[in-house]
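To start, the structure itself, in structure tokens.
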Amino acid sequence: MYGMTRKPLCSGMNDKGDNTMINDLLKGWKDCPCGQDHRCDIQFVSIRSGAVNDLTAFCADYHRIVLVADNNTWSVCGEKAAALLGNKVQEKVVFCQEGLLIPNEAAIERVLAAITDETDLVLGVGSGVINDLCKHCSFVSHLPYCIVATAPSMDGYASVGAAMITSNMKTTFGARVPAAIIGDVDVLKDAPMRMIQSGFGDIIGKYSALNDWKLAHLINGETLCQRVYQLVMDTVKKTEALAGGIEKRDPQAIQTLMEALVIVGIAMSFVGNSRPASGSEHHLSHYFEIVGILEDKEYFLHGIDVAYSTVRTQLMREKLLQMTQLPESVPEYPRSAWEQDIRSRYGIAAEGVMALQDKCGFYAKDYLSEYRAKWGDIREILAEVPSAEEIIAILKTAGLDYSEFEPFYGEKKILDAEWFAKDLKDRYTVLWPYFLLCFPRQGA
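Right, dumping it as structure tokens:
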């Protein structure tokens, strides 16, 4: 069933409502100047007023569907989706947890237990966590999945990765894109405002992520597709221009935001990973989430953490830009000191963090020599991002007040994230030169 060919059906992209841009992107890019062909296997996208009714057309060939929602998204749209599909719904999995749903082993097992040999589609009704659960569980079950979005809250709808929390680590598992994405603007605009702002913050975070991508291309030789880079940058600027409509729940602003989140996901599909959308700002966000779970303390919604962390990573770039010359050496950071620092921050997750860094080997590289040789080029790249003050103003236009960030987490936790969030991932970002050149070591 998953491999069957369908003509992409999309609604609601541009002012005429014909979804031209997303429809064109779903066709992929062949013979890209970067040397790669880019493809996206999403078959069906509908982002418009009343889009949930398109679910029946997409599901015409599916007959044994497992529907996954939580107690909130069930009442918002899940019940309607189930009514539209009738007896095609084989099983309903509705999480009724108190507080945030965590995509951990227990949640995964519950979804997998509902899937049988007869299941032919996993249908998620929700946003970030529901999407990731359905993406992961459908992938390991060799099934397609569809997501009915209930909030324009994050950019993972169209991505190939599923962000899960297993063994107390935030890990992105390889999966596949959804067969369909349905975003009913009538539903999306009524989502909790913090979730809408979260989606906006996730998009603004691309200023940081794209800059990190360029930096990694220069320092580590990572492949950078300029065409994908520009696609995401243009999407960010288009979304930013409508920031004033976010708090007003303006349908056009909400639709543009949801389209942007899907386009960024398609960009990730084009390159096969999250590099166009996730960098240092996401690493800080993941740190706050992981440590929050370990300590049983609150953390912001993902995109809001990303938004405020974008300000912090930009402050790092501005501090690095103040360095016109680099030292010939920096004090040693012994392995024993690193292990102690990681264990004190990550607790029971520390062994996994250290194993990851041992595998990727960033600490073993002579980055200082590389920075000294390329400092002029590095400075040019770092200077491309809007200033921290400008980012704060952009966020303010959408109702996000950066002044809530530091009192919420406290300066110590934020500094810990700046120094040690890089260790959560095997991805090079501005956190690495900032750590090497600014971290207070003994003897400095």
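Heads up: the sequence shown is residues 4 to 447, going by our numbering. For each residue, glycine too, the CB sits at the ideal point set by N, CA and C. As the structure is a prediction and not an experimental result, all values here were calculated from the model.
Of the candidates PHE423, MET198, ASN171 and ILE266, the residue whose Cα lies closest to the Cα of GLY306 is MET198. Within the model, the alpha-carbon separation for HIS139 versus THR175 is close to 10 Å. If the five residues before and after ALA386 are omitted, its C-beta is found closer than 7 Å to the C-beta atoms of LEU324, all from its own chain and listed in chain order.
In its chain, beyond the 5 residues on either side, ASP40 have a beta carbon closer than 7 Å to the beta carbon of LYS33. By the CB criterion at 9 Å, LYS173 and LEU359 fall outside the cutoff.
In the three-state reduction of the DSSP assignment, LYS377 falls in the helix class, which pools H, G and I. The DSSP assignment places complete beta strand (DSSP E) segments of no fewer than 3 residues inside the segment 138-174 at 148-152 and 164-169, in order along the chain. In this structure, ILE133 places its C-beta atom within 9 Å of the C-beta atom of ILE150.
Under a 10 Å Cβ-count criterion, SER170 is classified as exposed, with fewer than 16 other Cβ atoms of the shown protein chains found around its own Cβ. For the pair LEU371 and GLU225, the Cα-to-Cα distance works out to about 18 Å. In the three-state reduction of the DSSP assignment, SER49 falls in the strand class, which pools E and B.
Scanning SER201, MET236, GLY202 and LEU70 for the CA closest to the CA of TRP216 turns up MET236.
For the 9 Å CB-CB criterion, ASP205 and LEU264 form a contact. Taking the Cβ atoms as the reference, PHE61 lies roughly 19 Å from ALA178, outside the contact range of under 8 Å.
Under a 10 Å Cβ-count criterion, GLU393 is classified as exposed, with fewer than 16 other Cβ atoms of the shown protein chains found around its own Cβ.
Assigned with DSSP and collapsed to three states, HIS41 falls in strand. Our two residues, THR313 and MET261, have alpha carbons roughly 20 Å apart in a direct line. Taking all protein chains shown into account, GLU292 has 16 or more neighbouring C-beta atoms within 10 Å of its C-beta and is therefore buried. Between ARG230 and CYS35, the C-beta gap is smaller than 9 Å, which places the two residues in contact.
According to the DSSP assignment, GLN93 belongs to the beta strand (DSSP E) that extends over 92-98. Note on ALA376: under 16 other CB atoms within 10 angstroms of its CB, so exposed under the neighbour-count rule. DSSP places VAL180 outside any alpha helix (DSSP H), giving it a letter other than H or E. Counted as a single uninterrupted DSSP element, the beta strand (DSSP E) harbouring VAL71 occupies residues 68-73. Separation of the CB atoms of SER156 and LEU304 is rounded to 7 Å, and the pair is thereby assigned contact status at 8 Å.
ILE381 and SER288 have their C-alpha atoms some 24 Å from each other.
Contact between the segment 112-128 and the segment 61-72 is established, with three or more Cβ pairs separated by less than 8 Å.
The Cβ-Cβ distance between SER283 and THR153 does not fall below 9 Å. Taking 8 Å as the upper bound for CB-CB distance, GLY53 and ASP187 are in contact here, some 6 Å apart. In this model, LEU136 and ALA424 are separated by some 24 Å (Cα to Cα). Per the coordinates, the alpha-carbon of ILE384 lies some 20 Å from the alpha-carbon of HIS286. Three or more beta-carbon pairs separated by less than 8 Å are not found between the segment 331-342 and the segment 293-302, which leaves the two stretches without contact.
Within the segment 226-297, the complete alpha helix (DSSP H) segments of 4 residues or longer fall at 229-244 and 254-274, listed in chain order. Burial is judged here by how many other beta carbons sit within 10 angstroms of a residue's own beta carbon; PRO279 has at least 16 and is buried.
Each residue's CA atom was taken as its position, placing ALA256 and ILE417 some 32 Å apart. Of PRO443, VAL163 and TRP77, the smallest CA-CA separation from TRP341 is found for PRO443. In the three-state DSSP reduction, ILE105 falls in the coil class, being neither helix nor strand.
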